[in-house]
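Let me begin by presenting the structure, written as structure tokens, before commenting on it.
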Amino acid sequence: MTKGMKFNDYLAGATNVKLAKLLEGMADGCKVISHMVNNAGLLDVLGSHDTTNVQGEEVQKLDDLTNKILMDYLRSSETCAGYVSEENEHLETINVNGTYTVAADPLDGSSNIEVAAPIGTIFCINERISLKGGDVVEADFLQKGKNAKAAGYFIYGSSTILVLTVGKGVNAFTLNTKDNEFYLSHPHIHIPAKGKIYSINQGNIEKFDDGLKDFLAHCSTVDKESSRPYSLRYIGSMIGDIHRNLLKGGIFIYPANKGETKGKLRLLYECIPMSFVTEQAGGEATDGNERILDLQPTGFHERSAIYIGSKNLVEKVGEFMRGSKAV
Ligand code: AHM
Ligand code: MG
């Protein structure tokens, strides 16, 4: 695998042809989404869709459009059996003879749409458990993250990049805007083991547990030996924050707060795929107690706290949370 190779050539060399077809469909759909995001201000796609999703959140026009685009392209891949997403309350059977299920957040960070900050599409792919020929069932989707067959995200930032794992490390492909093809730009991504960036909505600090407050005090305490204070970077787009930390080293935290006992982010199509990618890049991800990939999902839209990124920081915050560290 050489830097600069076309994503389609990478897929052509894959042993799992059905998974490759699904990934090709996903990438084609996200090229359309990328074009829409890049030209959002010129198209009639900005603003509210005037509906709320199953979680009671306001749906943006682009949330709705990207969800439909993704479903269309997954249908045409022929190997996708079923789909759940942040925008769909229930599962959808896509193709009764398909092999895989997809759980997706079609447009993560949608509050950033109007300000041209990075947003993205997150996906997790499982192999169905139910028999082919019939509709997909809940259990096809509600599998532990450690059983996922592939996961990744498309970030629509200053470049559009697909970051992908099929369980053999992490590779990233950048969309060339001249020929509209993805090319391998970041082979074998390894997250720096010692991160110096922390990403958290610190405006919520009054709602955090004491252990987490102590960790944040630790991050901003001056200590030359461990290169502190660390830098605080938070965009309000999980994809943007985690992508930066993946390349530069750092931790992203969305904790359980007093009002949100399981945090804000969704286990199935946000926490699990980002954790699969991060672990495959040599990092760690927990919900504060357990490894995210060991959690048994119990509902499509279930939430989870998440602590994800470089080993040194995920382990350090764990020590503070268990109360075994002083600032
Ligand atoms: P969304 O899926 O509705 O876009 O919400 C998820 C986003 C994440 O991308 C981001 O990390 C988080 O919400 C920001 O939340 P907050 O504004 O509470 O900090
Ligand atoms: Mg989201």
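Heads up: the sequence shown begins at 1141 in the working numbering, then just goes up one per residue. Quick reminder that beta carbons are idealized off the backbone N, C-alpha and C, glycines included. Just so it is clear, the structure is predicted and the values come from calculations on it, not from any experiment.
Item	Value
Identify, in the order they occur along the chain, each residue of the same chain with its Cβ nearer than 8 Å to the Cβ of V1185, setting aside the five sequence neighbours on each side.	M1176, K1201, L1202, L1205
Which residue spans inside the region 1327-1352 form an unbroken beta strand (DSSP E) run of at least 3?	1337-1339
Is the CB-CB distance between Y1409 and A1288 below 7 Å?	no
Is S1217 helix, strand or coil when you go by DSSP?	helix
Across which residues does DSSP place N1302 in a beta bridge pair?	The sequence shown places Leu at residue 1302, rather than the Asn named in the question. L1302 pairs with F1294, F1313.
Helix, strand or coil for F1440, going by three-state DSSP, please let me know.	coil
Would you tell me roughly how many angstroms separate the C-alpha atoms of V1467 and I1253, rounded to the nearest one?	A caution first: V1467 carries a pLDDT of 49, below 50, which makes its placement in the model unreliable, though a value can still be read off. Distance between the alpha carbons of V1467 and I1253 is about 38 Å.
For A1244, does the three-state DSSP call read helix, strand or coil?	strand
Between the C-alpha atoms of A1152 and A1160, what's the straight-line distance to the nearest angstrom?	8 Å
Tell me which residues share the same chain as I1265 and place their Cβ nearer than 6 Å to its Cβ, disregarding the 5 neighbours each side in the sequence.	Y1240, V1242, K1289, A1290
Leaving out five residues before and five after I1269 in sequence, what residues of the same chain have Cβ atoms less than 6 Å from its Cβ?	A1279, D1280
Going by the C-beta, is S1250 closer than 6 Å to any heavy atom of the ligand AHM?	yes
Classify K1308 as helix, strand or coil using the three-state DSSP reduction.	coil
Below 6 Å, is the gap between the Cβ of S1377 and the nearest heavy atom of the ligand AHM?	yes
Nearest-angstrom Cα distance between V1454 and L1352?	12 Å
Using the Cα positions of T1261 and H1383, report the straight-line distance between them to the nearest angstrom.	12 Å
Run the CB neighbour count on G1285, radius 10 Å, all protein chains shown included, and call it buried at 16 or more, exposed below.	buried
Provide the residue span of the beta strand (DSSP E) that contains T1261, from first to last.	1259-1267
Check the C-beta distance from P1246 over to N1193 and give it rounded, since I have them as a contact under 8 Å.	Incorrect: roughly 11 Å between the Cβ atoms, too far for contact.
Are the region 1415-1422 and the region 1381-1396 touching by the rule of at least three beta carbon pairs closer than 8 Å?	yes
Going by CA-CA distance only, name the one from N1429, V1276, G1238, Y1293 that's closest to G1469.	The structure shown does not extend to residue 1469, since the chain is modelled only from 1141 to 1467, so the question has no answer here.
What does the Cβ neighbour count give for I1110, buried or exposed, with the cut at 16 atoms within 10 Å?	The structure shown has nothing for residue 1110, since the chain only spans 1141 to 1467.
Measure the beta-carbon distance from N1452 to K1318 and round it to whole angstroms, keeping in mind my assumption that it falls under 8 Å.	That belief does not hold up - the Cβ atoms of N1452 and K1318 are roughly 40 Å apart, past 8 Å.
Would you call G1380 buried or exposed, if buried means 16 or more other Cβ atoms sit within 10 Å of its Cβ?	buried
Can you say whether V1362 is buried or exposed, counting buried as having 16 or more other CB atoms within 10 angstroms of its CB?	exposed
What's the call for E1198, buried or exposed, on a 16-neighbour Cβ count within 10 Å?	exposed
Measuring only the C-alpha atoms, how far is A1154 from A1425?	28 Å
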